[in-house]
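Right, one structure below, let's go through it.
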Amino acid sequence: MSGATVSVWNVSRSYEKARALSDVSLEVSGGELFGIIGPDGAGKTTLFRILATLLVPDAGSAMLDGLDTVNDYRAVRDRIGYMPGKFSLYQDLTVEENLSFFATVFGTTIEENYHLIADIYRQIEPFKKRRAGALSGGMKQKLALSCALIHKPRVLLLDEPTTGVDPVSRREFWDMLAKLKAEGITILVATPYMDEAERCDRIALMQNGSFLTIDTPAGIRASFDLPLYAVRSDSMFSLLADVRSFPGVESCYAFGDSHHAAFENGCVDPATLAAHLAGKGHTNVEIKKIDAGIEDCFMRFSTRGVSEERKGENR
Amino acid sequence: MSVIHTELLTKKFGSFVAVDHISFSVEEGEIFGFLGANGAGKTTAMRMLCGLSKPSFGSGIVAGFDLRHDSEKIKRSIGYMSQKFALYDDLTVRENIRLYAGIYGVPEKEIAPRIDTLLSGLGFSSERDTLVKSLPLGWKQKLAFSVAIFHNPKIVFLDEPTGGVDPVTRRQFWELIYQAASRGITVFVTTHYMDEAEYCNRVSIMVDGKIKALDTPRALRESFGCDSMDGVFHRLARGAKRTAD
Numbered sequence: 007m008s009g010a011t012v013s014v015w016n017v018s019r020s021y022e023k024a025r026a027l028s029d030v031s032l033e034v035s036g037g038e039l040f041g042i043i044g045p046d047g048a049g050k051t052t053l054f055r056i057l058a059t060l061l062v063p064d065a066g067s068a069m070l071d072g073l074d075t076v077n078d079y080r081a082v083r084d085r086i087g088y089m090p091g092k093f094s095l096y097q098d099l100t101v102e103e104n105l106s107f108f109a110t111v112f113g114t115t116i117e118e119n120y121h122l123i124a125d126i127y128r129q130i131e132p133f134k135k136r137r138a139g140a141l142s143g144g145m146k147q148k149l150a151l152s153c154a155l156i157h158k159p160r161v162l163l164l165d166e167p168t169t170g171v172d173p174v175s176r177r178e179f180w181d182m183l184a185k186l187k188a189e190g191i192t193i194l195v196a197t198p199y200m201d202e203a204e205r206c207d208r209i210a211l212m213q214n215g216s217f218l219t220i221d222t223p224a225g226i227r228a229s230f231d232l233p234l235y236a237v238r239s240d241s242m243f244s245l246l247a248d249v250r251s252f253p254g255v256e257s258c259y260a261f262g263d264s265h266h267a268a269f270e271n272g273c274v275d276p277a278t279l280a281a282h283l284a285g286k287g288h289t290n291v292e293i294k295k296i297d298a299g300i301e302d303c304f305m306r307f308s309t310r311g312v313s314e315e316r317k318g319e320n321r
Numbered sequence: 370m371s372v373i374h375t376e377l378l379t380k381k382f383g384s385f386v387a388v389d390h391i392s393f394s395v396e397e398g399e400i401f402g403f404l405g406a407n408g409a410g411k412t413t414a415m416r417m418l419c420g421l422s423k424p425s426f427g428s429g430i431v432a433g434f435d436l437r438h439d440s441e442k443i444k445r446s447i448g449y450m451s452q453k454f455a456l457y458d459d460l461t462v463r464e465n466i467r468l469y470a471g472i473y474g475v476p477e478k479e480i481a482p483r484i485d486t487l488l489s490g491l492g493f494s495s496e497r498d499t500l501v502k503s504l505p506l507g508w509k510q511k512l513a514f515s516v517a518i519f520h521n522p523k524i525v526f527l528d529e530p531t532g533g534v535d536p537v538t539r540r541q542f543w544e545l546i547y548q549a550a551s552r553g554i555t556v557f558v559t560t561h562y563m564d565e566a567e568y569c570n571r572v573s574i575m576v577d578g579k580i581k582a583l584d585t586p587r588a589l590r591e592s593f594g595c596d597s598m599d600g601v602f603h604r605l606a607r608g609a610k611r612t613a614d
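Residue numbers (the working numbering), protein chains in the order written: chain A, 7 to 321; chain B, 370 to 614.
The following block contains the structure:
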């Protein structure tokens, strides 16, 4: 089985006055594991609904496997497995009935493609007589993925499969996706979690209906254009304001056990900053040069966008 | 001084022990992170602490009141905010704050000036008559938090307050939490973002209904030999027997 390509050309879509997607374009290769990463309201779901043929774009077009999502929607539907963000299976059918329903609708049987879902479905098979509505969140997620896979789709569209899921279960879910990728299926995943970016071949960072950038995770990290330092002291909250007020610091954000401070190019010597912070009463100051992560990049791209917008508004 | 103190707090549903004899204390002004995998029992424990569910066994004091006998008084002394529901979409920003202020009995003549202070502090003054449904999610969450502490509760319970919020707003949200804590409000927060666990003064990790670890993030990292809270969480939660939710 080979994964299908996905192409999106200059797609826009609005709901009444709100613009959900503004002129987005994307090319995903067959067999690629592609992540669309952004917060709620970025436009991820609108894009997935267009790809799933459930929504028509206002402008632009999208193709899966060379088929247009509007004109060839029936053929597209045969090729995709779609897992919406909101649980959308039949709550009053059992686990097994849901799965066999989806197999039948697509003209196949559970047995025919069982190998594809075996790893996932085995975990919920002991509960196959239970109504879907009575499953736990984690089991619903596994059933939804099984139903999306049972007709052997060439593209999987997963809209926020891991939202609200704890870190351990999230990691297990991505392990499952890695196995499906090995089967050759093209996978598009939307997620608000920046730490999931590294599991993808390529990612698009998305905010306010636009892509901020599209690249490999490594490529995005390498594109961070300022020297970045991790800063710590014994008083982390006041440290935030004290680092920000230092001349030459472009931004400073909390990152767990340290703050990440980006310096305007070549303007700051870490030793001077350390002395400044000691002067403000900070003890055990540590400043260490680091490489940017995806979340650093997301904030850098998104705040650059915002400050340009603000300039526009204040004209 | 402890504002939350439980002893062997337990909740059973039939033969299922959702919360299994947990004993812990939270100090005044502390930011306390309440972590655990889906299904570990966090929500059930939190519902008992908020006076919404009676314990099957054990006892607890929250904001000075007994959770078995004085649950109504507890409800009046706490604030609560969750990711799932926080504000009424079809009311304006000001109407939402007024509604909550009224429910919690904030004196009538204090309400208007405090709304002004709150909105100017958030930089939202121009949005006072905007319907909440047309605000971006990040704004809603910041506003919801401010509303949850408008009546100056002793404790505010936050149930995954930053889920799905963009990274910049997520951090601004934590700055609001720090401000509230510096005013003496105790913050009890659940999250799936392990970097946020580092912002807490102390963190507990629940596994299968029990509190398996409770300490400062630094002490937990050191005692588990991990360089991040993410590592600590995986070490503990991977052994869980219960499956999600």
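Positions of the beta carbon are idealized from the N, C-alpha and C atoms, including for glycine.
All values reported here derive from a predicted model rather than from experimental measurement.
Beta-carbon neighbours of residue i, restricted to chain A and to distances below 8 Å
{"i": "residue 638 of chain B", "result": "In this structure chain B extends from 370 to 614, so residue 638 of chain B is not present and cannot be described."}
{"i": "residue 607 of chain B", "result": "174"}
Under 9 Å by beta carbon: chain A residues contacting residue i
{"i": "residue 570 of chain B", "result": "Chain A residues near residue 570 of chain B: none, gap ~11 Å exceeds 9 Å."}
Neighbour flag for residue i against chain A, beta carbons, 8 Å
{"i": "residue 564 of chain B", "result": "yes"}
{"i": "residue 536 of chain B", "result": "yes"}
{"i": "residue 408 of chain B", "result": "yes"}
{"i": "residue 602 of chain B", "result": "yes"}
{"i": "residue 599 of chain B", "result": "yes"}
{"i": "residue 505 of chain B", "result": "yes"}
{"i": "residue 567 of chain B", "result": "yes"}
{"i": "residue 613 of chain B", "result": "Unreliable placement is indicated for residue 613 of chain B, whose pLDDT of 47 sits below 50; the coordinate value is still reported in the next sentence. It does; some Cβ of chain A falls within 8 Å."}
{"i": "residue 561 of chain B", "result": "yes"}
{"i": "residue 378 of chain B", "result": "no"}
Own chain residues within Cβ distance below 7 Å of residue i, not counting five before or after
{"i": "residue 393 of chain B", "result": "375, 573, 580 and 583"}
{"i": "residue 463 of chain B", "result": "484, 497 and 498"}
{"i": "residue 123 of chain A", "result": "152, 155 and 156"}
{"i": "residue 307 of chain A", "result": "211, 218 and 219"}
{"i": "residue 320 of chain A", "result": "Residue placement at residue 320 of chain A is flagged as unreliable, the pLDDT there being 38, under the threshold of 50; a coordinate-derived value is accordingly withheld."}
{"i": "residue 190 of chain A", "result": "7, 8, 9 and 37"}
{"i": "residue 313 of chain A", "result": "Confidence is the limiting factor: at residue 313 of chain A the pLDDT is only 46, short of 50, which leaves the residue's position unreliable and the question unanswerable from this model."}
{"i": "residue 424 of chain B", "result": "378, 379, 380, 417, 436 and 437"}
Short CB-CB distance (under 8 Å) between residue i and chain B
{"i": "residue 97 of chain A", "result": "no"}
{"i": "residue 263 of chain A", "result": "yes"}
{"i": "residue 259 of chain A", "result": "yes"}
{"i": "residue 90 of chain A", "result": "no"}
{"i": "residue 248 of chain A", "result": "no"}
{"i": "residue 45 of chain A", "result": "yes"}
Other residues of its chain near residue i: CB distance less than 6 Å, five sequence neighbours each side excluded
{"i": "residue 480 of chain B", "result": "470"}
{"i": "residue 317 of chain A", "result": "Low confidence applies to residue 317 of chain A: its pLDDT is 40, below 50, so where it sits in the model is not reliable, and the reading given next is rough at best. Once the five neighbours on either side are set aside, residue 317 of chain A has no close Cβ partner at all."}
{"i": "residue 69 of chain A", "result": "13"}
{"i": "residue 458 of chain B", "result": "501 and 502"}
{"i": "residue 315 of chain A", "result": "Because residue 315 of chain A carries a pLDDT of 44, less than 50, the predicted location of this residue cannot be relied on, and the following value inherits that uncertainty. Answer for residue 315 of chain A: no residue qualifies."}
Contacts of residue i in chain B (Cβ-Cβ under 9 Å)
{"i": "residue 309 of chain A", "result": "537"}
{"i": "residue 252 of chain A", "result": "In chain order: nothing, as chain B lies at least about 18 Å away."}
Chain B contact residues for residue i, given Cβ-Cβ distances below 8 Å
{"i": "residue 169 of chain A", "result": "532 and 533"}
{"i": "residue 182 of chain A", "result": "Here the premise fails: no neighbours, minimum Cβ distance about 14 Å."}
{"i": "residue 301 of chain A", "result": "536"}
Partner residues on chain B for residue i, Cβ-Cβ distance less than 7 Å
{"i": "residue 305 of chain A", "result": "536 and 537"}
{"i": "residue 49 of chain A", "result": "By Cβ distance, chain B contributes nothing, its closest Cβ being about 12 Å from residue 49 of chain A, past 7 Å."}
{"i": "residue 165 of chain A", "result": "Those within 7 Å of residue 165 of chain A in chain B number zero; the least Cβ separation is about 12 Å."}
{"i": "residue 243 of chain A", "result": "547"}
Close Cβ partners of residue i (< 8 Å) along its chain, the five nearest in sequence each way excluded
{"i": "residue 614 of chain B", "result": "Below a pLDDT of 50, predicted positions are generally treated as unreliable, and residue 614 of chain B, at 45, falls in that range; the measurement from the model is reported next regardless. These residues qualify, in order along the chain: 407 and 408."}
{"i": "residue 112 of chain A", "result": "84, 156 and 157"}
Checklist entry - Mind listing which residues of the segment 538 to 557 of chain B have their C-beta closer than 7 Å to chain A's C-betas, in chain order? => result Within the segment 538 to 557 of chain B, the qualifying residues are 540, 543 and 547.
Next on the checklist: So within the segment 226 to 296 of chain A, which uninterrupted beta strand (DSSP E) runs reach at least 3 residues, ignoring any that extend past its ends?
Outcome noted: Every beta strand (DSSP E) of 3 residues or more that sits fully in the segment 226 to 296 of chain A is shown, in chain order, as 234 to 238, 255 to 261, 264 to 269 and 292 to 296.
Item to check | Near-chain A residues of the segment 575 to 594 of chain B - C-beta to any C-beta below 9 Å | outcome: Only those residues of the segment 575 to 594 of chain B whose C-beta falls short of 9 Å from the nearest C-beta of chain A are listed: 586, 587 and 590.
Item to check | Residues, ordered as in the chain, of the segment 176 to 207 of chain A that lie near chain B by beta-carbon distance below 7 Å | outcome: The segment 176 to 207 of chain A vs chain B, Cβ under 7 Å: 198 and 200.
Item to check | Positions along the segment 436 to 447 of chain B whose CB lies within less than 7 Å of some CB in chain A | outcome: Answer set for the segment 436 to 447 of chain B: empty.
Checklist entry - For the segment 209 to 235 of chain A, which residues have a beta carbon sitting closer than 7 Å to at least one beta carbon of chain B? => result Close to chain B, meaning a Cβ-Cβ distance shorter than 7 Å, are the following residues of the segment 209 to 235 of chain A: 213.
Item to check | Unbroken stretches of the alpha helix (DSSP H), 4 residues or longer, contained in the segment 557 to 596 of chain B | outcome: If only uninterrupted alpha helix (DSSP H) runs of at least 4 residues are considered, those enclosed by the segment 557 to 596 of chain B are 563 to 566 and 586 to 593.
Checklist entry - Taking the runs of the beta strand (DSSP E) that are 3 residues or longer, which of them lie wholly in the segment 8 to 50 of chain A? => result The segment 8 to 50 of chain A contains these whole beta strand (DSSP E) runs: 12 to 21, 24 to 34 and 39 to 43.
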